[in-house]
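If you're matching them up, the sequences are chains P and L in order. In terms of my numbering, the first sequence opens at residue 1 and continues consecutively. In terms of my numbering, the second sequence opens at residue 1001 and continues consecutively. Just so you know, even glycine gets a beta-carbon here, dropped at the ideal spot from N, CA and C. Please read these numbers as outputs of a predicted model, since none were measured by experiment. Take a look at the structure below.
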Amino acid sequence: SAQHPPVTPSNLCKPRRLYISFSDVGWENWIIAPQGYMANYCLGECPFPLTAELNSTNHAILQTMVHSLDPEGTPQPCCVPVRLSPISILYYDNNDNVVLRHYEDMVVDECGCR
Amino acid sequence: SAVLGMELSLQESLLLKSLGLSAKPSPKSPIPVPSVLWRIFQKRKMLPAPNKDPADACRVEEFNVPGNIIRVFADQGHFIHSTQPPRLLCLQKRLYFNLSVLEEDESLTMAQLEVKFSHNSYHASSQRQVFELRLYRSSQMVLRGVPSPERGRKLLVGQSFAQLHQSLLFNLTGVAKEWRTHGRNLGLILEISVGGGDAASAPTSEGLRNVCANVDAFLAASLLVVTLNPQQCGAARSRR
Chain P
1 SAQHPPVTPS
11 NLCKPRRLYI
21 SFSDVGWENW
31 IIAPQGYMAN
41 YCLGECPFPL
51 TAELNSTNHA
61 ILQTMVHSLD
71 PEGTPQPCCV
81 PVRLSPISIL
91 YYDNNDNVVL
101 RHYEDMVVDE
111 CGCR
Chain L
1001 SAVLGMELSL
1011 QESLLLKSLG
1021 LSAKPSPKSP
1031 IPVPSVLWRI
1041 FQKRKMLPAP
1051 NKDPADACRV
1061 EEFNVPGNII
1071 RVFADQGHFI
1081 HSTQPPRLLC
1091 LQKRLYFNLS
1101 VLEEDESLTM
1111 AQLEVKFSHN
1121 SYHASSQRQV
1131 FELRLYRSSQ
1141 MVLRGVPSPE
1151 RGRKLLVGQS
1161 FAQLHQSLLF
1171 NLTGVAKEWR
1181 THGRNLGLIL
1191 EISVGGGDAA
1201 SAPTSEGLRN
1211 VCANVDAFLA
1221 ASLLVVTLNP
1231 QQCGAARSRR
């Protein structure tokens, strides 16, 4: 731990705000609604020792232990989405029909160290 | 920048494929968004997904059927202009909906035909006019693959309605399933005639034209189709 800068709560693995605008990716002509949505993303450290707040697996806990012993040979666990939620999108398809479709795994609700 | 452009294009096509699209759509003549789809969209937006039971994620509550995709197909059929229109017949039209865009993995759980009339079609009059609507299913091909409106048709629906009605709904789930199963969709024939009277009181040609003017404002027909793609539903995935 002496080799790494101290991990503050703000550096811990957690969801960060990310607004995806469909016009930014050039899809505004065929997506009717929404024009964009809060998709979020995961970012942050998974330090040793992992706490319950970091939604870790048993494997991740062991990986941080090994990492603390061998920082060069074993990486820290990754900060990744562990709970996502769906959204519905209203759009024109390739035949100009109007479609309302339910899409899973579109919004990051929770992150964890895995 | 050329390499970056190619990468972006590849990423885009991968994502579009996962969204069920063959390419980026570019609507040429976009139809107005049906109000029913707006209503469902707004309701889902108001109800936060985390609070929703996962079992309901791939269910369309409004129609109480399983499904994660709701499409509204615009009618692509044409009016039929017969040289000798049958007496009392106001309108004869082919209805055709191209269901070929449904993917093989999707199972159709509901199909509902909506026939809409313009709000301006109602003229206040002392006598309430009754019309008869008949919906036929073309079941026979004639030369050059054109379905005949006259031969080999089966009556699906026969219903009387007054011009006060702005919208008529018909359950075509069974028919649409058969269109997909047999891979042969010949469409439907819609007829609207003056009803509610006997032959003796049938209007003259001039009278028929006047009466039919009320349904000339026939606006549009559309088919709402609900399908379920189990590959894209969490409940189905976890069961697997």
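Under a Cβ-count criterion, where at least 16 other Cβ atoms within 10 Å of its own Cβ denotes burial, should residue i be classed as buried or exposed?
{"i": "H996 of chain L", "result": "Nothing about residue 996 of chain L can be read from this structure; chain L reaches only from 1001 to 1240."}
{"i": "L116 of chain P", "result": "There is simply no residue 116 of chain P to check, as chain P begins at 1 and stops at 114 in what is shown."}
{"i": "E1259 of chain L", "result": "Here chain L covers residues 1001 to 1240 and nothing more, so residue 1259 of chain L does not appear."}
{"i": "F1079 of chain L", "result": "exposed"}
{"i": "R1209 of chain L", "result": "exposed"}
{"i": "V1072 of chain L", "result": "buried"}
{"i": "H102 of chain P", "result": "buried"}
{"i": "D1075 of chain L", "result": "buried"}
{"i": "Y19 of chain P", "result": "exposed"}
{"i": "G1187 of chain L", "result": "buried"}
{"i": "R119 of chain P", "result": "A question about residue 119 of chain P goes unanswered here, because the residues of chain P that appear run from 1 up to 114."}
{"i": "S56 of chain P", "result": "buried"}
{"i": "L1003 of chain L", "result": "Leu is not the amino acid found at residue 1003 of chain L; the sequence shown has Val there. Exposed is the call here."}
{"i": "K1093 of chain L", "result": "buried"}
{"i": "A60 of chain P", "result": "buried"}
{"i": "T51 of chain P", "result": "exposed"}
{"i": "S1009 of chain L", "result": "exposed"}
{"i": "S1026 of chain L", "result": "exposed"}
{"i": "S1001 of chain L", "result": "exposed"}
{"i": "G112 of chain P", "result": "buried"}
{"i": "Q63 of chain P", "result": "buried"}
{"i": "R1184 of chain L", "result": "exposed"}
{"i": "S1018 of chain L", "result": "exposed"}
{"i": "S1160 of chain L", "result": "exposed"}
{"i": "A1176 of chain L", "result": "buried"}
{"i": "R1180 of chain L", "result": "buried"}
Provide the residue span of the beta strand (DSSP E) that contains residue i, from first to last.
{"i": "N1171 of chain L", "result": "1167–1171"}
{"i": "G1195 of chain L", "result": "1188–1195"}
{"i": "L1004 of chain L", "result": "Here L1004 of chain L belongs to no beta strand (DSSP E); instead the alpha helix (DSSP H) covers 1002–1018."}
{"i": "Q1092 of chain L", "result": "1089–1095"}
Grab me the residues of residue i's own chain with a C-beta within less than 7 Å of its C-beta, minus the 5 sequence neighbours each way, in chain order.
{"i": "G44 of chain P", "result": "N11, L12, C13, K14, C79"}
{"i": "P1066 of chain L", "result": "C1058, R1059, T1109, L1228"}
{"i": "H67 of chain P", "result": "F48, T74, P75, Q76"}
{"i": "N31 of chain P", "result": "Reading off the sequence, residue 31 of chain P comes out as Ile, not Asn. Here the set comprises F22, I89, Y91."}
{"i": "N40 of chain P", "result": "P15, R16, R17, L18, V107, V108"}
{"i": "M65 of chain P", "result": "F48"}
{"i": "L1088 of chain L", "result": "S1193, V1194, A1202, L1208"}
In the DSSP assignment, what are the bridge partners of residue i?
{"i": "R16 of chain P", "result": "P:Y41"}
{"i": "C113 of chain P", "result": "P:C79"}
{"i": "T1227 of chain L", "result": "L:I1069, L:L1108"}
{"i": "Q1129 of chain L", "result": "BP columns for Q1129 of chain L are empty, so no partner."}
{"i": "Y91 of chain P", "result": "P:I31, P:V99"}
{"i": "V107 of chain P", "result": "P:S85"}
{"i": "A1074 of chain L", "result": "L:S1222"}
{"i": "L1155 of chain L", "result": "L:Y1136"}
{"i": "Q36 of chain P", "result": "Strictly speaking, residue 36 of chain P in this sequence is Gly, with Gln absent from that position. G36 of chain P is bridged to P:S21."}
{"i": "R1059 of chain L", "result": "L:P1066"}
{"i": "S1160 of chain L", "result": "L:E1132"}
{"i": "F48 of chain P", "result": "For F48 of chain P, which the question treats as bridged, DSSP gives no partner whatsoever."}
Could you please give the first and the last residue of the uninterrupted alpha helix (DSSP H) stretch that includes residue i?
{"i": "K1043 of chain L", "result": "1035–1046"}
{"i": "I1031 of chain L", "result": "Segment: none, I1031 of chain L is in no alpha helix (DSSP H) and carries neither H nor E."}
{"i": "Q63 of chain P", "result": "58–69"}
Excluding the 5 residues preceding and the 5 following residue i in the sequence, name in chain order all residues of the same chain whose CB lies nearer than 8 Å to its CB.
{"i": "S1167 of chain L", "result": "E1114, V1115, K1116, F1117"}
{"i": "E53 of chain P", "result": "L12"}
{"i": "L1211 of chain L", "result": "The question names Leu, but residue 1211 of chain L is Val in the sequence shown. The answer, listed in chain order, is C1090, Q1129, V1194, P1203."}
{"i": "E28 of chain P", "result": "F22, Q35"}
{"i": "S1013 of chain L", "result": "A1023"}
{"i": "G1020 of chain L", "result": "I1069, E1103, N1229, Q1232"}
{"i": "P86 of chain P", "result": "H102, Y103, E104, D105, M106, V107"}
{"i": "V1101 of chain L", "result": "R1071"}
{"i": "V98 of chain P", "result": "I32, L90, Y91, Y92"}
{"i": "D1105 of chain L", "result": "N1229, P1230, Q1231"}
Take residue i and list the residues in its own chain whose beta-carbon comes closer than 6 Å to its own, dropping the five residues that flank it on each side.
{"i": "I1070 of chain L", "result": "V1226"}
{"i": "V1157 of chain L", "result": "L1135, F1170"}
{"i": "L1224 of chain L", "result": "V1072, Q1112"}
{"i": "I1192 of chain L", "result": "C1090, L1091, F1131, L1133, V1215"}
{"i": "L1172 of chain L", "result": "A1111, L1113"}
{"i": "F1097 of chain L", "result": "F1073, L1223"}
{"i": "A1220 of chain L", "result": "K1116"}
{"i": "L1095 of chain L", "result": "D1075, G1077, G1187, L1188, L1190, A1221"}
{"i": "M38 of chain P", "result": "Y19"}
**Item:** Proximal residues, the segment 1087–1104 of chain L versus chain P, C-beta separation under 7 Å
**Value:** When C-beta distances to chain P are compared with 7 Å, the residues of the segment 1087–1104 of chain L below that value are N1098, V1101, in chain order.
**Request:** Mind checking the segment 1020–1032 of chain L against chain P and listing, in chain order, the residues whose C-beta falls within less than 8 Å of any C-beta there?
**Result:** Going along the segment 1020–1032 of chain L in chain order, one finds G1020, L1021, S1022, A1023, K1024, P1025, S1026, P1027, K1028, S1029, P1030, I1031 with a Cβ nearer than 8 Å to chain P.
**Asked** Taking a cut of 8 Å between CB atoms, which residues from the segment 59–76 of chain P lie near chain L?
**Response** none
**Request:** Could you please tell me which residues of the segment 1056–1087 of chain L, in chain order, have their CB closer than 8 Å to any CB of chain P?
**Result:** From the segment 1056–1087 of chain L, only A1057, C1058, N1068, I1069, I1070, R1071, V1072, F1073, A1074 have a Cβ closer than 8 Å to chain P.
**Message:** Counting only Cβ-Cβ distances shorter than 8 Å, please list the residues of the segment 27–42 of chain P near chain L, keeping chain order.
**Reply:** W27, N29, W30, I32, A33, P34
**Asked** Which residues, in order along the segment 1178–1192 of chain L, keep a beta-carbon less than 8 Å from a beta-carbon of chain P?
**Response** none
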